[in-house]
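Engineer:
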Amino acid sequence: MNPFTFPLDLQRRTIKHTAESVKKATVAPQRAKRMAEVEVGQTPSEVVYTTPQFELLHYEPLTDEQHNVPILVVYALINRSYILDLQPDKSVVRRLLENGFDVYLIDWNEPSRLDASLSLGDYVNRYIDTCVDAIRERDGLDDVNILGYCMGGTMSTMYAALHPEKVRNLGLMATGLCFDDTGGILEQWGSSEQYDPATVTETFGNVPAEFLAVGFAQMDPVDNYVTKYVRLYDNLEDEAQVEFFARMERWVRDGVDVAGEAYRQFIEDIYQKNKLYRNDLYLDGHHVDIENLTMPVLQIVGSFDHLIPPEASKPFSDVIPSEETDIFEFPAGHVGMAVSGKAHADLWPRVATWFAERSRSQQTEKQRTRTEPGTDGGLSKRVDAVQDLNGIGPAYADRLREAGIETVEQLIAANPSKLAAQLDIPEQRLTSWVEQAK
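Read in order, the letters of the sequence shown correspond to residues 8 to 445 in my numbering.
#1: Could you tell me which uninterrupted beta strand (DSSP E) segments, each at least 3 residues in length, are contained entirely in the region 263–293, listed from first to last along the chain?
#2: Name the DSSP bridge partner or partners of F218?
#3: How would you write the range of the beta strand (DSSP E) that Q417 sits in, first residue to last?
#4: Distance check for R357 and E364, CA to CA, integer angstroms please.
#5: Looking at C-alpha atoms only, which residue of V249, D353, R133 and D114 is the closest neighbour of G155?
#6: Indicate whether L148 and V55 have their beta-carbon atoms separated by less than 8 Å.
#7: Buried or exposed: which applies to K445, given that a residue is buried once 16 or more other Cβ atoms fall within 10 Å of its Cβ?
#8: Could you have a look at G48 and say whether DSSP puts it in helix, strand or coil?
#9: Are G212 and R120 closer than 8 Å when you measure CB to CB?
#10: Distance, Cα to Cα, E46 vs F251?
#11: Buried or exposed for G160, please, with buried defined as at least 16 other CB atoms from any protein chain shown within 10 angstroms of its CB.
#12: Are E268 and S124 touching if we call contact CB-CB under 8 Å?
#13: Once you ignore the five residues that flank Q369 on each side, which residues in its own chain have a CB closer than 8 Å to its CB?
#14: Assuming contact is defined by CB atoms lying nearer than 8 Å, are Y111 and V80 in contact in what I supplied?
#15: Run through the region 51–109 for me and flag every whole alpha helix (DSSP H) of 4 or more residues, listed as ranges in chain order.
#16: Can you tell me where the beta strand (DSSP E) with Y166 in it begins and where it stops?
#17: Can you tell me where the beta strand (DSSP E) with D333 in it begins and where it stops?
#18: Could you name the residues of the same chain whose beta carbon sits closer than 8 Å to that of D383, not counting the 5 residues immediately before and after it, in chain order?
#19: For the alpha helix (DSSP H) that contains I327, what are its first and last residues?
#20: If distances are taken between C-alpha atoms only, which option among D333, H341 and L305 comes closest to P316?
#21: Considering only the beta carbon of each residue, do N281 and C185 sit closer than 8 Å?
#22: So Q248 is in the beta strand (DSSP E); what residue range does that whole segment cover?
#23: Kindly indicate which residue of R285, P338 and G128 has the alpha-carbon position closest to the one of H313.
#24: Tell me the residue span of the alpha helix (DSSP H) that contains V358.
#25: Using the Cα positions of L437 and Q94, report the straight-line distance between them to the nearest angstrom.
#26: Where Y278 and P204 are concerned, what is the direct C-alpha to C-alpha distance, given to the nearest angstrom?
#27: Give the C-beta separation of R101 and S366 to the nearest angstrom, bearing in mind that I take them to be a contact with Cβ-Cβ under 8 Å.
#28: What are the boundary residues of the alpha helix (DSSP H) that G343 is part of?
#29: Rounded to whole angstroms, what is the Cα-Cα separation between D71 and P59?
#30: Tell me, which residues are paired with Y111 by DSSP?
#31: Drop a sphere of 10 angstroms on the beta-carbon of P118, count the other beta-carbons inside from all chains shown, and report buried for 16 or more, exposed for fewer.
#32: Considering only C-alpha positions, which residue in the set K425, T182, E318 and D122 is nearest to Y270?
#33: Is the distance from the Cβ of V295 to the Cβ of V214 below 8 Å?
#34: Rounded to a whole number of angstroms, what is the C-alpha to C-alpha distance between V259 and I85?
#35: Where G292 and L300 are concerned, what is the direct C-alpha to C-alpha distance, given to the nearest angstrom?
#36: Which word fits F446, buried or exposed, when buried means at least 16 other C-beta atoms lie within 10 angstroms of its C-beta?
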């Protein structure tokens, strides 16, 4: 057929599409290289407590003053926690820091084969409790704020019910709490008639990350196997979009195995028997009594969350005795609440304000700058040791001590450039400590 017999508008569209394809082909090698180089979890942090099962991260402050009560972020046992610190403009951790919070995060390690017998009780009553106690000791406080995401939110709820005296405010993000024909397709797939988690754990020990990833992908196969790659092609010339895609793909593929016994308990007791909602859950013989949930509770739910629909979260507020239960429902999906630009512009400032309004301590306030005794009616404490300064944990304190720096006076008198070089610490970080001490 003679091409010149084609309609003129068809010729123009063909030429335009051909030109676009050539342009995309030209930038594709550069984009592929950049996709392999993207970084995640870039907000500076320090490991302040570590075990084979987890690391407790403490993030460097981004404001001169912090709220009195810190926030401990508890992530799920599935996937990596850096989804909450994916990139600077889409980082839940950074939003909290920017709003004046002292932020800690539990970064779960992948369980070994010897960890297959770890139960929910181990994760809640041993590991989360260890982290809370470490923060309380570091900050000189009786209680902390907790923000749990997904399975981490469910475990945080269990923890708050078991140790209510240690939890000031409880935030629950995309958290499965009640499963009585309300949990969507995941609840249906995980029903006792359809699925036996014990068979999986007996076969594998720990539940493989690949096994879980395939299941989650099958919940929306068209998007996971086709549509997202079409979107990538359409946005190939947009470097920022390509980098975001690469970070998300890295997270999706960077799964972790789940301890077998904890997985079995979670599916059977939470999904299949709905024991948490019915107040019939026991961990290692201890009743997880939701009647103890008297602290303020905030639920953050996604209207389009296909993993944990709003109906699997919101009814829980009606069965606990807390007189202050708030629900922020946002038009986003399960992961979109953590990484969408709109959520970071509209949702997370509201969440930060909610915590801030409830984080004013009535006890001796944690002082972020050095004060003289008696200058504020005795409400503040003098900061004398370097480890009392925000951002200096046991590891940094030991390094400073080896250099002869134990008190804030010694830190103020030191030469920041020389001390930073001596300790191999960024000068900007050391300078921020000095500014706090003055």
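Beta carbons: idealized from backbone N, C-alpha and C, even for Gly.
Structural biologist: Reading it off the structure:
#1: none
#2: Looking up residue 218 in the sequence shown gives position 211. None; F218 has no bridge partner.
#3: What you label residue 417 is simply residue 410 of the sequence shown in a count that begins at 1. Run containing Q417: none in the beta strand (DSSP E); it sits in the alpha helix (DSSP H), V415 to A420.
#4: Here residue 364 refers to the residue found at position 357 when the sequence shown is read from its first residue. Here residue 357 refers to the residue found at position 350 when the sequence shown is read from its first residue. Straight-line Cα distance between these residues: approximately 11 Å.
#5: Taking the first residue of the sequence shown as 1, we reach residue 155 at position 148. Checked all of V249, D353, R133 and D114; the closest Cα to G155 is D114.
#6: Residue mapping note: residue 148 aligns to position 141 of the sequence shown, counting from 1. Residue mapping note: residue 55 aligns to position 48 of the sequence shown, counting from 1. Contact: no.
#7: Taking the sequence shown and counting its residues from 1, one reaches residue 445 at position 438. So K445 counts as exposed.
#8: Translated into the one-based positions of the sequence shown, residue 48 becomes position 41. G48: coil per DSSP, three-state reduction.
#9: As a first step, residue 212 is located in the sequence shown; it is residue number 205 there, counting from the start. As a first step, residue 120 is located in the sequence shown; it is residue number 113 there, counting from the start. It is a contact, given that the beta carbons lie within the stated cut-off.
#10: Taking the sequence shown and counting its residues from 1, the one referred to as residue 46 is at position 39. Taking the sequence shown and counting its residues from 1, the one referred to as residue 251 is at position 244. If I take the Cα positions, the gap works out to 10 Å.
#11: The residue you call residue 160 lines up with position 153 of the sequence shown. Under this definition G160 is a buried residue.
#12: Residue 268 sits at position 261 when you count from the first residue of the sequence shown. Residue 124 sits at position 117 when you count from the first residue of the sequence shown. Yes, they are a contact pair.
#13: Against the sequence shown, residue 369 aligns to sequence position 362. Confidence at Q369 is low in this model, with a pLDDT of 46, below 50, so the placement of that residue is unreliable and no value is reported for it.
#14: Your numbering for residue 111 matches position 104 in the sequence shown. Your numbering for residue 80 matches position 73 in the sequence shown. Yes, the Cβ-Cβ distance between Y111 and V80 is below 8 Å.
#15: 99–105
#16: Within the sequence shown, the letter at position 159 stands for residue 166. Unbroken run through Y166 is the alpha helix (DSSP H), M158 to L169; no beta strand (DSSP E).
#17: Numbered from its first residue, the sequence shown carries residue 333 at position 326. Per DSSP, D333 belongs to the beta strand (DSSP E) from T332 to F337.
#18: Taking the first residue of the sequence shown as position 1, residue 383 is located at position 376. Unreliable placement is indicated for D383, whose pLDDT of 36 sits below 50; the coordinate value is still reported in the next sentence. Correct list: empty, nothing qualifies.
#19: Translated into the one-based positions of the sequence shown, residue 327 becomes position 320. Looking at the DSSP string, I327 is not in any alpha helix (DSSP H), and its letter there is neither H nor E.
#20: Taking the first residue of the sequence shown as 1, we reach residue 316 at position 309. For the residues D333, H341 and L305, the minimum Cα distance to P316 belongs to H341.
#21: Here residue 281 refers to the residue found at position 274 of the sequence shown. Here residue 185 refers to the residue found at position 178 of the sequence shown. Against a cut-off of 8 Å, the Cβ pair of C185 and N281 comes out as a contact.
#22: Taking the first residue of the sequence shown as position 1, residue 248 is located at position 241. Segment E246 to R260 is the alpha helix (DSSP H) holding Q248; no beta strand (DSSP E) there.
#23: Here residue 313 refers to the residue found at position 306 of the sequence shown. Out of R285, P338 and G128, P338 has the C-alpha closest to the C-alpha of H313.
#24: Here residue 358 corresponds to residue number 351 of the sequence shown, with the count starting at 1. Start and end: W355 to E364.
#25: The residue labelled residue 437 in the question sits at position 430 within the sequence shown. The residue labelled residue 94 in the question sits at position 87 within the sequence shown. The alpha-carbon atoms of L437 and Q94 are separated by roughly 24 Å.
#26: What you label residue 278 is simply residue 271 of the sequence shown in a count that begins at 1. What you label residue 204 is simply residue 197 of the sequence shown in a count that begins at 1. Straight-line Cα distance between these residues: approximately 11 Å.
#27: Your numbering for residue 101 matches position 94 in the sequence shown. Your numbering for residue 366 matches position 359 in the sequence shown. Incorrect: roughly 18 Å between the Cβ atoms, too far for contact.
#28: Translated into positions along the sequence shown, residue 343 becomes position 336. Per DSSP, G343 belongs to the alpha helix (DSSP H) from G343 to V346.
#29: As a working mapping, residue 71 is identified with position 64 in the sequence shown. As a working mapping, residue 59 is identified with position 52 in the sequence shown. Their backbone Cα atoms lie some 34 Å apart in a straight line.
#30: Start at 1 with the first residue of the sequence shown, and residue 111 comes out as number 104. In DSSP, Y111 forms a bridge with H65 and L79.
#31: Along the sequence shown, read from residue 1 onward, the residue named residue 118 stands at position 111. Counting Cβ neighbours within 10 Å, P118 comes out buried, since at least 16 surround it.
#32: On the sequence shown, position 263 is the one that residue 270 refers to. The candidate whose alpha carbon is nearest that of Y270 is D122.
#33: Residue numbering aside, residue 295 sits at position 288 when the sequence shown is read from its first letter. Residue numbering aside, residue 214 sits at position 207 when the sequence shown is read from its first letter. Between V295 and V214, the C-beta gap is not smaller than 8 Å, which leaves the two residues out of contact.
#34: One-based indexing of the sequence shown puts residue 259 at position 252. One-based indexing of the sequence shown puts residue 85 at position 78. Computed Cα separation, rounded: 10 Å.
#35: Along the sequence shown, read from residue 1 onward, the residue named residue 292 stands at position 285. Along the sequence shown, read from residue 1 onward, the residue named residue 300 stands at position 293. Cα to Cα, the separation comes out at about 19 Å.
#36: In the structure displayed, the chain extends from 8 to 445; residue 446 sits before or after that span and is not available.
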